[in-house]
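Peer 1: Take a look at this one; I'll ask things after.
Numbering (this note's numbering), first residue to last: 15 to 168.
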């Protein structure tokens, strides 16, 4: 929570309610991540980690959507108080994973010189793809909201 207003949304609330929301969301996100990695497993010892790649990029896109929906333009007042901690920190924080990204990159690098191009592609692709996904998720959501709000005011 990088903006004072975002931190203030949980101020004065019982810490246990925020903690419970984050924990419940984190459990859901972690289970969803496991499901994706089982569905998209890396193949072989030097296999590209498609599951974690997909998780991190889709999670970043969803964080962009969430940011645009409840983090901007005065929409915070309409969102339930624990929604951002539950979805942002909990579900999406449990779903995305930097540690598995780093571990997968290390495994690729350790599996021999033939896997170095895959490791570099994974490292750069995840970083650049994640930034692009946050931007695209937020931009698409803002555009949809503008269309919707324009249709409502006509």
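Heads up, the beta-carbon is just placed ideally off N, CA and C, and yes, glycines get one too.
1) Between the alpha carbons of residue 107 and residue 128, how many angstroms are there, rounded?
2) CB-CB under 6 Å to residue 78, same chain, minus the five flanking residues each way: which ones, in chain order?
3) According to DSSP, is residue 153 part of a helix, a strand, or is it coil?
4) Tell me the residue span of the alpha helix (DSSP H) that contains residue 47.
5) In whole angstroms, what is the alpha-carbon distance linking residue 155 and residue 83?
6) Residue 15 to residue 144, Cα distance in whole Å?
7) What distance in whole Å lies between the Cβ atoms of residue 36 and residue 50, which are believed to be in contact at a cut-off of 8 Å?
Peer 2: On the basis of the supplied data:
1) Here residue 107 refers to the residue found at position 93 when the chain shown is read from its first residue. Here residue 128 refers to the residue found at position 114 when the chain shown is read from its first residue. So the alpha carbons of these two residues sit roughly 33 Å apart.
2) As a working note, residue 78 is residue 64 in the chain shown. Within the same chain, Cβ atoms closer than 6 Å to the Cβ of residue 78 are found at 148, 151 and 152, the five residues on either side in sequence being excluded.
3) Within the chain shown, residue 153 is the residue found at index 139, counting from 1. Helix.
4) Counted from its first residue, the chain shown places residue 47 at position 33. Its alpha helix (DSSP H) spans residues 29–53.
5) Residue numbering aside, residue 155 sits at position 141 when the chain shown is read from its first letter. Residue numbering aside, residue 83 sits at position 69 when the chain shown is read from its first letter. When rounded, the distance between both Cα atoms is 7 Å.
6) Translated into the one-based positions of the chain shown, residue 15 becomes position 1. Translated into the one-based positions of the chain shown, residue 144 becomes position 130. Any reading at residue 15 needs caution, since the residue's pLDDT is 49, under 50, leaving its predicted position unreliable; the model's value is listed next. Residue 15 and residue 144: Cα-Cα distance of roughly 18 Å.
7) Working through the chain shown from its first residue, we reach residue 50 at position 36. Working through the chain shown from its first residue, we reach residue 36 at position 22. Going by Cβ atoms, the distance from residue 50 to residue 36 rounds to 21 Å, so no, they are not a contact pair.
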